[in-house]
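Enquirer: Pasting in a structure now, in structure tokens, and then I'll have a few things to ask.
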Amino acid sequence: MKVIFKTSYDNDIDLHEDGWARGKIALLLAVMALLPFVVGEYYLAEVTNTLIWALAGMGLMLLVGHTGQASLGHAAFLAIGAYTDAALMNIGVPWLISFPLAGIAAGVFGAIVAIPAVRMSGIYLAIATLALFVIVEEVIIIAEPITGGVGGIFAPSIDIFGIDFDRYSNLDNFYWLCLVVVALVTWGYANLMRSPTGRSFLAVRDSEVSARALGINVTRTRSLAFGLSCAMTGLAGSLMGHYIAFFNYELFSIFISINLLLVVTIGGLGFIQGAFFGAILISAVPQVISILRDTLKSSAGIDLSMPGLDTLIFSIILVTFIIYEPNGLYGRWLKIRAWFQLFPLARRDMFRRQKTYVKTERMK
Amino acid sequence: MEIIQLIVGGIASGCIYGLVALGFVLIYKATEGVNFAQGDMMMLGAFIALGLVNSEYGALAFIPGVILAAAIMGGVGYGVDRFVVRKIFGQPQFALVILTIAMGFVFRFVAGAIWGFTPLVLETPFAGKVFDVGGLIIGYEDVTTIIVTALLTMGLWAFFQFTKLGLAAQAASQNQMAAYIVGVPVHRVNSMIWALSGAVSTIAGVLYASKGAIDPNIGLLGMKAFAAAVIGGFGSLPGALLGGILIGVIEPLAARYLPGGFSQMSPYIIMLVVLVTRPNGLFAQIYAKKV
């Protein structure tokens, strides 16, 4: 265990504990930036997809993990981001303007929705967002002149100062673009979490009553969190639109919302890193399943091409995590790391959960 | 005449939403958790009944088949609580939400693996028969649905109001720890309520199946039942039924008189309006704590 010698009060809220932690992040970024020279086209596309999912996951993480509000309809905000961006670009707005606008549109919509929604507690909010999702989906179908209705819409390729960022002809460029966006958002998110605003999110999550007693405007904080969360998800949606290139409302199904929940829960609620862990898992598992399926079919002759097998495996992973490791992959990693750091002093029951009782929500 | 016809049909389908919503409310009333797999439990119940009753599968008589199916689903409900939900006892509600969503997918996979994804029709004794009341055509299945729903709601209400188990369940939900202290076996009560909810959802599934073909994706109906439960205010049995009927009536009316798309949105728009104006539903169960 390393002890940090603190020489100023600011050390307590530093983004990185020491130079070593900073160096690790820099190394990770460097490796990610050099990735297009190492891996092939197929895997690069998968990594891009993972980055986009991580961005969307961070959006939901801010809401679920850091403010303690559930949303089952985040696919709606992905859709708003994607459609805003594509529709603006189709009338000739450059990407550099339409991309932030997509985020702002999703964020503002989210914040407006949040004002009535934050008055509701836990379960009501979850159901309201689910209803919102259904309504947005129907509106997309009805608003055909803008969204292309059932037929779908084409997201034009990105062009910044003459450099082409098309997903198919110039995947490397598109990958770097996604990487830059994700890195910037992550940096902003991490900084947000050490600002007073971020701290008030945590306070609201842990206890609304005490947050209010400390002078936090709970309604404002929750709407702000909702808006920021939706904005991040909207940005991810816009990138996802460009990644798919041609999409209709079916891209943003209820399963996307559930996959996003999967990302944050399996990754680890309340950790930014969790969104990345979760995104890696959910983009890797279908690949692993299909590889397994092919090997089984060619070597043993077992045909596993059942419909819904992927969702079944996801569900089982999810159930296992919720029961046995509610802190997700990142939480497990922290425990393993603590075990090694304390070696050989780690005790068996160090992380044992206390017996808890449900607090009724009918008495707030 | 047309409008009365629409309303009668709406009430019948609303009763089914209401029945599924009753399943939610049962579990919410007793365990303060929300079971997002309720729609899929309804689907599974309908399929088990189909497996027992239809001539190419079990070929049992209709009534014993349905009762047996309800008993089996009761067992499934008990098992789900005993072996899965109990493991996360005391964790925040959000965990249960995700857990039950995942359980719903498992149910859907199971039903799809056994009965396939092509729509199937449950053989019912009242298929095709109608009452003709002065030009008003009412199907036997609609009448049965309304009567069964009314009886079940009254029965469940009496259960919570007058039986020991019902009172214990209410106590467990209002204050889990205090219920423990006064000797309520909270775990077992929860499991029993889950079993009851499984049985109720089977009845809902059978009634739904009597009106048309079923496939493993009908569980998505659960989302409309949610809207019903929310409109009524989670935790109120008559409220859930009323919410279901409201949605059931408005849906066909919106489909008939409003432009396309509104019919699908209408349950959720009503629900959002209710949530915005009365955040805890029409029959509120949430009170602010007095300090």
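So the sequences go chain by chain: B and H. Residue 1 is where the first sequence starts when you use the numbering used here, and the numbers rise one by one after that. Residue 1 is where the second sequence starts when you use the numbering used here, and the numbers rise one by one after that. Every residue, glycine too, gets a C-beta built ideally from N, C-alpha and C.
#1: What does SER315(B) touch in chain H if you count any residue whose Cβ is under 7 Å from its own?
#2: List the residues of chain H whose Cβ lies closer than 8 Å to the Cβ of GLU325(B), in chain order.
#3: Could you tell me the boundaries of the alpha helix (DSSP H) in which PHE340(B) lies?
#4: DSSP state of PHE131(H), grouped into three classes?
#5: Please list, in chain order, all residues of the same chain as GLY73(B) whose beta carbon is under 7 Å from its beta carbon, the five residues on each side excluded.
#6: Relative to chain B, which residues along the stretch 177–204 of chain H have a C-beta separation below 7 Å, given in chain order?
#7: Quick one: is LYS211(H) near chain B, going by C-beta distance under 9 Å?
#8: Given ILE140(B), which residues of its chain have a CB within under 6 Å of its CB, disregarding the five upstream and five downstream residues?
#9: Under the three-state reduction of DSSP, which class applies to GLY57(B): helix, strand or coil?
#10: Would TYR124(B) count as contacting chain H if we go by Cβ distances under 9 Å?
#11: Which chain B residues sit within Cβ distance under 7 Å of TYR268(H)?
#12: Looking only at C-alpha atoms, which of SER8(B), ILE4(B), VAL31(B) sits nearest to TRP20(B)?
#13: Is the distance from the Cβ of PRO238(H) to the Cβ of TRP115(H) below 9 Å?
#14: Smallest Cα separation from CYS178(B): which of PHE351(B), GLU46(B), ASN11(B)?
#15: Please tell me whether GLN93(H) has its Cβ less than 9 Å away from any Cβ of chain B.
#16: Using CA coordinates, which residue listed in GLY14(H), GLU2(H), LEU6(H) is at the minimum distance from THR149(H)?
#17: Can you tell me which of MET41(H), ILE4(H), GLY205(H), ILE269(H) puts its alpha carbon nearest to the alpha carbon of VAL136(B)?
#18: So if I threshold CB-CB distances at 7 Å, which residues from the stretch 247–266 of chain H count as touching chain B?
#19: If you follow the beta strand (DSSP E) that LEU136(H) is part of, which residue opens it and which one closes it?
#20: Mind checking whether GLY81(B) and GLY241(B) have CB atoms under 9 Å apart?
#21: Taking the alpha-carbon of ASP142(H) as reference, which of ILE3(H), GLU2(H), VAL274(H), ILE11(H) has the nearest alpha-carbon?
#22: Determine the burial state of GLN176(H): buried for a count of at least 16 other Cβ atoms within 10 Å of its Cβ, exposed for fewer.
#23: Measuring alpha carbon to alpha carbon, tell me which of GLN287(B), PRO326(B), THR67(B) ends up nearest LEU309(B).
#24: Can you give me the C-alpha to C-alpha distance between ARG22(B) and GLY237(B), rounded to a whole angstrom?
#25: Going by Cα to Cα distance, which pick from THR186(B), PRO344(B), ALA79(B) is closest to GLY152(B)?
#26: How would you label GLU17(B), buried or exposed, when you count the other beta carbons within 10 angstroms and need 16 or more for buried?
Expert: Result, derived from the coordinates:
#1: ALA102, PHE105, VAL106
#2: Near GLU325(B) there are no residues of chain H at all, since even the closest Cβ is about 12 Å away, more than 8 Å.
#3: 328–342
#4: strand
#5: THR129, LEU130, LEU132, PHE133, SER257
#6: MET177
#7: no
#8: THR147, TYR249
#9: helix
#10: yes
#11: ALA131, VAL134, ILE135
#12: ILE4(B)
#13: no
#14: GLU46(B)
#15: yes
#16: GLY14(H)
#17: ILE269(H)
#18: Hits within the stretch, in order: GLY261, GLN264, MET265.
#19: 136–139
#20: yes
#21: ILE11(H)
#22: Burial call: buried.
#23: Of the candidates GLN287(B), PRO326(B), THR67(B), the residue whose Cα lies closest to the Cα of LEU309(B) is GLN287(B).
#24: 30 Å
#25: ALA79(B)
#26: exposed
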